[in-house]
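Novice:
Protein chains: 2
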Amino acid sequence: MAQFELTEKNRVQRVPKRGAYDSKTIYEIIGDALIGHVGFVIDDQPFVIPTLIARQGDQILLHGATSSRLMRHIQSGGDLSIAVTHIDGLVLARSVFHHSINYRSAVLFGRGEFINERRAKLEALRQFTERLVPGRWDDARQPNEVELKATAVAAVTIDLASAKVRTGPPSDEEDDYSLPVWAGVLPMRQVYEDAIPDDRLDPDLEIPGYLQKLIEAG
Amino acid sequence: MAQFELTEKNRVQRVPKRGAYDSKTIYEIIGDALIGHVGFVIDDQPFVIPTLIARQGDQILLHGATSSRLMRHIQSGGDLSIAVTHIDGLVLARSVFHHSINYRSAVLFGRGEFINERRAKLEALRQFTERLVPGRWDDARQPNEVELKATAVAAVTIDLASAKVRTGPPSDEEDDYSLPVWAGVLPMRQVYEDAIPDDRLDPDLEIPGYLQKLIEAG
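Okay, structure coming up:
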């Protein structure tokens, strides 16, 4: 199992038993996410912005307008930190102190490079569309040359990474287990609701099978 | 309506019409979120970590182990950027280029200070618990002195902030509206599933009303 190097930068400091450094765990967390939060530094000032992400091998793909602050920072070779987080549930312990959430998070470090070669750029854009809605790329109109130029795509090579995962029931102090306080987990999940057709949609156009499948998979 | 100052740091650069700088919009986005992603800089290196957040007036409350990297950074007076993001739906346009997501995000800038005074610290911790599960604080065992000392609570004064919001249907190129491609929005939302009682829970203890209410409110 491929492991990321463990350094002071990516070491999980708090509750180390929840930490993981293998690419399988980390890539599954990324694979389940639509967005990541990207951190970067300009003039000593930290910025964090949410953005769509995709993974291609050991790289994270980001895209945006060529003129955006993040894309200009990437082009200048700046360091990035990318966090991906899922909340899976609320953990209700008998004591306030042991309340927690069940979560899966990954924090990545690296730098990016623009993908400029036409075919590679199209393939990266296909990844973004397909991860939102598998099957969509071949159905929608493909990007034209103007649209391709307006979008910058960056590939961030993951130098260091860690995952942190909490699962399962609350951990209470032994003395607290006898308290008459309800304890357990309240699971959370993200679901799709019924699709809303565009007002200008031809009423004869039915929801495509790939979209129906996504909704039903929930 | 209270407005945050508009500077180059917090100005929404891409699609400015989606930007907002009033505290009402920004605080509603924060109020709907359990976690934020906090960015900070140590030795020129950006770090982004997910953490529970709460709001108290014009301050964001963060908590963690006193020895954690983030808490030590806050204590040293370091700059923070905090992003809060909700994904509300997938936006399927007729062209790949106009695919998007509906989202509400807020990005904040500021610095934090520890809350050390006992009563203020307890009140801050109450906010964290109550925002996870309203009604929980009075039901669970309150923090003892050891637990209070182990937890650091920081209040981050929001110096600058912006919101960015996308809602509604796709915007397609006029020529594309006649394409036979399904277009519209696939709404997403986070839901609670059935509560899982702790294995060691007294079977006579029923789910409390405040928790049932939270589950039903979905």
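Chains A and B, in that order, give the protein sequences. Under our numbering, think of the first position of the first sequence as 1, with each following residue one higher. Under our numbering, think of the first position of the second sequence as 219, with each following residue one higher. Glycine included, C-beta positions come from ideal geometry on N, C-alpha and C. Keep in mind it's a predicted model, so treat the numbers as computed, not measured.
Measure the Cβ-Cβ separation of Ile244 (chain B) and Ala381 (chain B) and say whether it is below 9 Å.
Specialist: Closer than 9 Å, so yes.
Novice: I'd like the span of the beta strand (DSSP E) that includes Ala33 (chain A), first residue to last.
Specialist: No beta strand (DSSP E) holds Ala33 (chain A); DSSP gives it neither H nor E.
Novice: Apart from the five residues just before and just after Gly328 (chain B), which ones in its own chain have a Cβ nearer than 7 Å to its Cβ?
Specialist: The answer, listed in chain order, is Leu298, Val374, Thr375, Ile376 and Asp377.
Novice: Less than 9 Å between the C-beta atoms of Thr369 (chain B) and Ala251 (chain B), yes or no?
Specialist: Against a cut-off of 9 Å, the Cβ pair of Ala251 (chain B) and Thr369 (chain B) comes out as no contact.
Novice: By the 9 Å beta-carbon criterion, what residues does the region 46 to 60 of chain A contribute toward chain B?
Specialist: Those residues of the region 46 to 60 of chain A that come within reach of chain B (Cβ to Cβ, closer than 9 Å) are Pro46, Phe47, Val48, Ile49, Pro50 and Leu52.
Novice: Less than 8 Å between the CB atoms is what I'm expecting for Asn170 (chain A) and Val91 (chain A), so what's the real figure, rounded?
Specialist: Strictly speaking, residue 170 (chain A) in this sequence is Pro, with Asn absent from that position. With a Cβ gap of about 5 Å, Pro170 (chain A) and Val91 (chain A) count as contacting.
Novice: Output the distance between the C-alpha atoms of Met406 (chain B) and Leu201 (chain A), rounded to the nearest integer angstrom.
Specialist: Taking the straight line joining both Cα atoms gives about 21 Å.
Novice: Under 9 Å between C-beta atoms, does Phe114 (chain A) make it to chain B?
Specialist: Taking Cβ atoms only, chain B never reaches closer than 9 Å to Phe114 (chain A), which makes this a no.
Novice: Please classify Ser323 (chain B) as buried or exposed, where buried requires at least 16 other C-beta atoms within 10 Å of its C-beta.
Specialist: Classification for Ser323 (chain B): buried.
Novice: Counting along the chain, where does the alpha helix (DSSP H) carrying Ile158 (chain A) start and finish?
Specialist: That residue, Ile158 (chain A), is in no alpha helix (DSSP H); its beta strand (DSSP E) goes Thr151 to Arg166.
Novice: Is the shortest distance between the beta-carbon of Val156 (chain A) and the beta-carbons of chain B less than 9 Å?
Specialist: So no, Val156 (chain A) is outside the interface.
Novice: Under 8 Å, with one C-beta from each stretch per pair, do the region 39 to 52 of chain A and the region 250 to 269 of chain B reach the 3-pair mark?
Specialist: The region 39 to 52 of chain A vs the region 250 to 269 of chain B: in contact.
Novice: Quick one: using the 10 Å Cβ neighbour count with 16 as the cut-off for buried, is Thr225 (chain B) buried or exposed?
Specialist: Thr225 (chain B) comes out exposed.
Novice: Report the rounded CA-to-CA distance for Asp199 (chain A) versus Arg166 (chain A), giving the unit in angstroms.
Specialist: Distance between the alpha carbons of Asp199 (chain A) and Arg166 (chain A) is about 43 Å.
Novice: Determine the direct distance from the alpha carbon of Ser67 (chain A) to that of Val233 (chain B), and round the result to whole angstroms.
Specialist: C-alpha separation (whole angstroms): 12 Å.
Novice: Would you verify that the beta carbon of Pro398 (chain B) is, or is not, closer than 9 Å to some beta carbon of chain A?
Specialist: Yes - at least one Cβ of chain A is within 9 Å of the one on Pro398 (chain B).
Novice: Could you check which residue in B:Val409, B:His317, B:Asn362 and B:Phe222 has the C-alpha nearest to that of Glu130 (chain A)?
Specialist: Closest by alpha carbon: B:His317.
Novice: Buried or exposed: where does Pro180 (chain A) fall if 16 or more other Cβ atoms within 10 Å of its Cβ makes it buried?
Specialist: With fewer than 16 other Cβ atoms within 10 Å, it is exposed.
Novice: Gln190 (chain A) bridges to which residues according to DSSP?
Specialist: Answer by DSSP bridge pairing, in chain order: B:Gln408.
Novice: Distance, Cα to Cα, Arg11 (chain A) vs Leu288 (chain B)?
Specialist: Going by the C-alpha atoms only, they are around 14 Å apart.
Novice: So His317 (chain B) contacts chain A; which residues on that side make the cut at Cβ distance below 9 Å?
Specialist: Within 9 Å Cβ-Cβ: Phe128, Thr129, Leu132, Val133, Arg136 and Ala140.
Novice: Closer than 8 Å by beta-carbon distance: list the chain B residues that pair up with Leu160 (chain A), in chain order.
Specialist: Under the 8 Å cutoff, chain B gives no residues; its nearest Cβ is about 10 Å from Leu160 (chain A).
Novice: Would you mind giving the Cβ-Cβ distance between Ile82 (chain A) and Ile60 (chain A), rounded to the nearest angstrom? I have them listed as a contact below 8 Å.
Specialist: Confirmed, Cβ separation roughly 6 Å.
Novice: For Gly249 (chain B) and chain A, any beta-carbon pair shorter than 9 Å?
Specialist: Taking Cβ atoms only, chain A never reaches closer than 9 Å to Gly249 (chain B), which makes this a no.
Novice: If I follow the unbroken alpha helix (DSSP H) through Ile215 (chain A), where does it start and stop?
Specialist: Run containing Ile215 (chain A): Gly209 to Ala217, per the alpha helix (DSSP H) assignment.
Novice: Would a C-beta distance cut-off of 9 Å place Ile414 (chain B) and Val185 (chain A) closer than the cut-off?
Specialist: Cβ distance < 9 Å, so Ile414 (chain B) and Val185 (chain A) count as in contact.
Novice: Distance check for Pro50 (chain A) and Ile319 (chain B), CA to CA, integer angstroms please.
Specialist: Straight-line Cα distance between these residues: approximately 12 Å.
Novice: Measure the C-alpha to C-alpha separation of Leu122 (chain A) and Val351 (chain B) and round it to an integer number of angstroms.
Specialist: Answer to the nearest angstrom: the Cα atoms are 45 Å apart.
Novice: In the structure shown, what three-state DSSP assignment does Arg232 (chain B) receive?
Specialist: Three-state DSSP puts Arg232 (chain B) in coil, outside helix and strand.
Novice: Measure from the alpha carbon of Gly31 (chain A) to the alpha carbon of each residue in A:Phe114, A:Phe4 and A:Phe128, then state which is nearest.
Specialist: Of the listed residues, the one whose Cα sits closest to Gly31 (chain A) is A:Phe128.
Novice: Under 9 Å between beta-carbons, which chain A residues line up against Ile414 (chain B)? List them in chain order, please.
Specialist: The contacting residues are Gly89, Pro169, Gly184, Val185, Leu186 and Pro187.
Novice: When you compare the CB positions of Arg126 (chain A) and Tyr210 (chain A), do they come within less than 9 Å of one another, or not?
Specialist: Contact: no.
Novice: Compare the C-alpha of Glu113 (chain A) against each of A:Glu5, A:Arg72 and A:Asp139 and name the closest.
Specialist: Ranking the options by Cα distance to Glu113 (chain A), first place goes to A:Arg72.
Novice: Here's the rule: buried if 16 or more other CB atoms are within 10 angstroms of the residue's CB, otherwise exposed. What is Val84 (chain A)?
Specialist: By the 10 Å Cβ count, Val84 (chain A) comes out buried.
Novice: Cβ closer than 9 Å: which chain A residues qualify as neighbours of His281 (chain B)?
Specialist: Neighbours of His281 (chain B) on chain A: none; closest Cβ ~11 Å, over 9 Å.
Novice: Check the Cβ of Arg94 (chain A) against every Cβ in chain B and list those closer than 8 Å, keeping chain order.
Specialist: Here the neighbours are Ala358 and Arg359.
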